[in-house]
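Below is one structure, written out as C-alpha coordinates; comments come after it.
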Amino acid sequence: MKKNIIYFVLIAIIAVIAFVPGVKEKLQDTFFPIATIENAVHVTEEDYDIDLQGINVPSTNLKTFKNKAVFLNFWGTWCPPCRKEWPSIQKLYDTRKDNVDFVLIAMNDQEDAVRKFLKENNYTAPVYIAQSPISEKILPKVFPTTYLLDKNGRIIIKEDASRDWNTETVHQFIDNIIK
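Under the numbering used here, the first residue of the sequence shown carries the number 11, and numbering increases by one thereafter.
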(Lines of atoms letter the chains of each structure in order from A and count residues from 1; the text may use other names and numbers.)
(Lines give C-alpha, C1' and ligand atoms only; values in the text may rest on other atoms or scores of the structure.)
Protein backbone atom coordinates (compact mmCIF):
# COMPACT_ATOMS: atom_id res chain seq x y z
CA MET A 1 0.00 0.00 0.00
CA LYS A 2 2.78 2.43 0.98
CA LYS A 3 4.70 1.54 -2.18
CA ASN A 4 1.66 2.30 -4.35
CA ILE A 5 1.25 5.74 -2.78
CA ILE A 6 4.91 6.55 -3.44
CA TYR A 7 4.57 5.45 -7.09
CA PHE A 8 1.41 7.50 -7.47
CA VAL A 9 3.08 10.61 -6.03
CA LEU A 10 6.12 10.17 -8.32
CA ILE A 11 3.91 9.74 -11.38
CA ALA A 12 1.90 12.83 -10.38
CA ILE A 13 5.09 14.90 -10.00
CA ILE A 14 6.41 13.74 -13.38
CA ALA A 15 3.04 14.52 -15.00
CA VAL A 16 3.02 18.04 -13.53
CA ILE A 17 6.56 18.67 -14.80
CA ALA A 18 5.76 17.29 -18.24
CA PHE A 19 2.32 18.76 -18.86
CA VAL A 20 1.89 21.98 -16.85
CA PRO A 21 3.22 24.92 -18.91
CA GLY A 22 6.18 26.72 -17.37
CA VAL A 23 6.91 24.24 -14.57
CA LYS A 24 9.80 22.56 -16.39
CA GLU A 25 11.40 25.93 -17.23
CA LYS A 26 10.92 27.23 -13.69
CA LEU A 27 12.56 24.10 -12.24
CA GLN A 28 15.46 24.40 -14.72
CA ASP A 29 15.97 28.06 -13.84
CA THR A 30 15.84 27.26 -10.12
CA PHE A 31 18.06 24.20 -10.04
CA PHE A 32 20.23 24.68 -13.15
CA PRO A 33 20.76 28.45 -13.56
CA ILE A 34 23.71 27.99 -15.91
CA ALA A 35 22.48 30.10 -18.80
CA THR A 36 19.29 31.05 -20.54
CA ILE A 37 19.32 30.73 -24.30
CA GLU A 38 17.48 33.63 -25.89
CA ASN A 39 17.05 32.31 -29.43
CA ALA A 40 14.65 34.97 -30.66
CA VAL A 41 16.15 38.06 -29.02
CA HIS A 42 18.45 40.25 -31.10
CA VAL A 43 20.19 43.46 -30.14
CA THR A 44 19.26 46.04 -32.78
CA GLU A 45 21.21 48.98 -34.16
CA GLU A 46 19.38 51.29 -31.73
CA ASP A 47 20.14 48.99 -28.78
CA TYR A 48 23.86 49.20 -29.58
CA ASP A 49 23.85 53.01 -29.47
CA ILE A 50 25.33 53.59 -26.00
CA ASP A 51 28.13 56.08 -25.41
CA LEU A 52 30.73 54.48 -23.16
CA GLN A 53 33.28 56.32 -21.06
CA GLY A 54 36.37 54.14 -20.87
CA ILE A 55 37.85 53.59 -17.42
CA ASN A 56 40.89 51.49 -18.32
CA VAL A 57 40.42 51.71 -22.11
CA PRO A 58 39.55 54.54 -24.55
CA SER A 59 35.97 55.81 -24.60
CA THR A 60 33.79 54.48 -27.40
CA ASN A 61 30.22 53.64 -28.37
CA LEU A 62 28.80 50.13 -28.09
CA LYS A 63 28.05 50.42 -31.86
CA THR A 64 31.77 49.79 -32.51
CA PHE A 65 31.19 46.23 -31.28
CA LYS A 66 28.33 45.55 -33.71
CA ASN A 67 28.99 42.54 -35.96
CA LYS A 68 31.40 41.12 -33.40
CA ALA A 69 31.07 38.51 -30.68
CA VAL A 70 30.67 40.40 -27.39
CA PHE A 71 30.81 39.49 -23.71
CA LEU A 72 28.60 42.26 -22.23
CA ASN A 73 28.48 42.49 -18.45
CA PHE A 74 26.62 44.97 -16.23
CA TRP A 75 28.05 45.17 -12.72
CA GLY A 76 28.93 47.49 -9.85
CA THR A 77 31.66 47.76 -7.23
CA TRP A 78 28.87 48.01 -4.63
CA CYS A 79 27.47 44.59 -5.67
CA PRO A 80 28.90 41.55 -3.76
CA PRO A 81 27.81 38.96 -6.41
CA CYS A 82 29.43 41.14 -9.10
CA ARG A 83 32.69 41.28 -7.19
CA LYS A 84 32.53 37.51 -6.65
CA GLU A 85 32.40 36.72 -10.38
CA TRP A 86 35.17 39.14 -11.38
CA PRO A 87 38.10 36.67 -10.99
CA SER A 88 36.46 34.26 -13.45
CA ILE A 89 35.69 37.09 -15.87
CA GLN A 90 39.32 38.19 -15.74
CA LYS A 91 40.49 34.61 -16.42
CA LEU A 92 38.07 34.33 -19.35
CA TYR A 93 39.26 37.69 -20.66
CA ASP A 94 42.92 36.64 -20.38
CA THR A 95 42.33 33.51 -22.46
CA ARG A 96 39.63 34.68 -24.92
CA LYS A 97 40.20 38.42 -25.52
CA ASP A 98 41.43 37.66 -29.05
CA ASN A 99 38.14 35.89 -29.89
CA VAL A 100 35.50 37.99 -28.12
CA ASP A 101 35.21 41.69 -27.34
CA PHE A 102 34.67 42.30 -23.64
CA VAL A 103 32.50 45.21 -22.53
CA LEU A 104 31.98 45.49 -18.78
CA ILE A 105 29.72 48.39 -17.84
CA ALA A 106 29.87 49.65 -14.25
CA MET A 107 26.40 50.74 -13.19
CA ASN A 108 25.43 53.21 -10.46
CA ASP A 109 29.11 53.65 -9.67
CA GLN A 110 31.60 56.48 -9.33
CA GLU A 111 34.60 56.49 -11.66
CA ASP A 112 37.04 56.71 -8.72
CA ALA A 113 35.51 53.64 -7.03
CA VAL A 114 35.75 51.64 -10.27
CA ARG A 115 39.38 52.67 -10.87
CA LYS A 116 40.28 51.76 -7.27
CA PHE A 117 38.57 48.35 -7.55
CA LEU A 118 40.37 47.52 -10.80
CA LYS A 119 43.76 48.65 -9.48
CA GLU A 120 43.47 46.85 -6.12
CA ASN A 121 42.64 43.58 -7.86
CA ASN A 122 44.91 43.95 -10.92
CA TYR A 123 41.92 43.54 -13.25
CA THR A 124 42.52 44.48 -16.88
CA ALA A 125 39.25 43.54 -18.63
CA PRO A 126 37.80 46.61 -20.43
CA VAL A 127 35.50 48.61 -18.16
CA TYR A 128 33.20 51.46 -19.11
CA ILE A 129 30.56 53.69 -17.59
CA ALA A 130 27.50 54.33 -19.79
CA GLN A 131 27.09 57.98 -20.73
CA SER A 132 23.77 57.62 -22.55
CA PRO A 133 20.56 55.69 -21.91
CA ILE A 134 20.62 51.89 -22.19
CA SER A 135 17.93 50.15 -24.22
CA GLU A 136 15.21 48.43 -22.18
CA LYS A 137 16.03 45.23 -24.10
CA ILE A 138 19.43 44.91 -22.41
CA LEU A 139 19.03 47.15 -19.36
CA PRO A 140 19.64 44.90 -16.35
CA LYS A 141 16.99 44.42 -13.72
CA VAL A 142 19.41 42.70 -11.33
CA PHE A 143 23.17 42.72 -10.94
CA PRO A 144 25.25 41.24 -12.29
CA THR A 145 23.68 40.64 -15.69
CA THR A 146 25.76 39.23 -18.53
CA TYR A 147 25.02 38.69 -22.20
CA LEU A 148 27.06 36.75 -24.72
CA LEU A 149 26.20 38.15 -28.14
CA ASP A 150 27.07 36.53 -31.44
CA LYS A 151 28.22 38.49 -34.51
CA ASN A 152 24.61 39.02 -35.59
CA GLY A 153 23.62 40.60 -32.27
CA ARG A 154 21.72 37.50 -31.16
CA ILE A 155 21.74 36.93 -27.40
CA ILE A 156 23.26 33.47 -26.98
CA ILE A 157 23.59 33.58 -23.20
CA LYS A 158 21.78 35.78 -20.73
CA GLU A 159 22.73 35.28 -17.10
CA ASP A 160 21.28 37.49 -14.40
CA ALA A 161 23.24 36.05 -11.51
CA SER A 162 26.84 35.63 -10.48
CA ARG A 163 28.61 32.62 -11.98
CA ASP A 164 31.96 31.16 -12.88
CA TRP A 165 32.60 32.42 -16.42
CA ASN A 166 35.83 30.51 -16.98
CA THR A 167 34.20 27.13 -17.61
CA GLU A 168 34.40 24.65 -20.46
CA THR A 169 30.75 25.38 -21.33
CA VAL A 170 31.39 29.10 -21.80
CA HIS A 171 34.51 28.37 -23.85
CA GLN A 172 32.42 26.06 -26.06
CA PHE A 173 29.79 28.79 -26.55
CA ILE A 174 32.55 31.18 -27.58
CA ASP A 175 34.02 28.64 -29.98
CA ASN A 176 30.60 28.17 -31.57
CA ILE A 177 29.83 31.88 -32.03
CA ILE A 178 33.19 32.82 -33.55
CA LYS A 179 33.00 30.20 -36.31
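Where is the CB? At the ideal position from N, CA and C, for every residue including glycine.
- Proximity of the stretch 16 to 25 to the stretch 133 to 141 falls short of the contact definition, fewer than three beta-carbon pairs being nearer than 8 Å.
- Per DSSP, VAL124 lies in no beta strand (DSSP E); the unbroken alpha helix (DSSP H) holding it starts and ends at 121 to 131.
- Distance check between ASP185 and each of LYS151, LEU128, ASP61 and PHE81 places PHE81 closest, using alpha-carbon atoms only.
- In the structure shown, the three-state DSSP call for PHE84 is strand.
- Around the Cβ of SER69, a 10 Å sphere holds fewer than 16 other Cβ atoms; the residue is exposed.
- The stretch 48 to 68 and the stretch 144 to 161 touch, with no fewer than 3 CB-CB distances between them shorter than 8 Å.
- Following the DSSP letters along the chain, one finds PHE112 inside the beta strand (DSSP E) bounded by residues 111 to 116.
- A direct Cα-to-Cα measurement between PHE127 and ASN77 gives close to 31 Å.
- Sorting TRP88, PRO97 and TRP85 by C-alpha distance to the C-alpha of TRP175 places PRO97 at the top.
- Spanning the alpha carbons of ASP104 and LYS73 requires a straight line of approximately 23 Å.
- Taking every protein chain shown into account, the CB of PHE29 has fewer than 16 other CB atoms within 10 angstroms, so this residue is exposed.
- One alpha carbon belongs to ILE166, the other to GLU130, and they sit about 32 Å apart.
- Contact annotation, ASP59 with LYS147: C-beta distance approximately 12 Å; criterion of less than 8 Å not satisfied.
- Straight-line spacing of the CA atoms in PHE153 and ASN14 works out to 46 Å.
- For LYS73, no alpha helix (DSSP H) encloses it, and the DSSP letter there is neither H nor E.
- Taking a contact as a CB-CB distance under 8 Å, the pair LYS161 and ILE187 counts as one, their CB atoms being some 7 Å apart.
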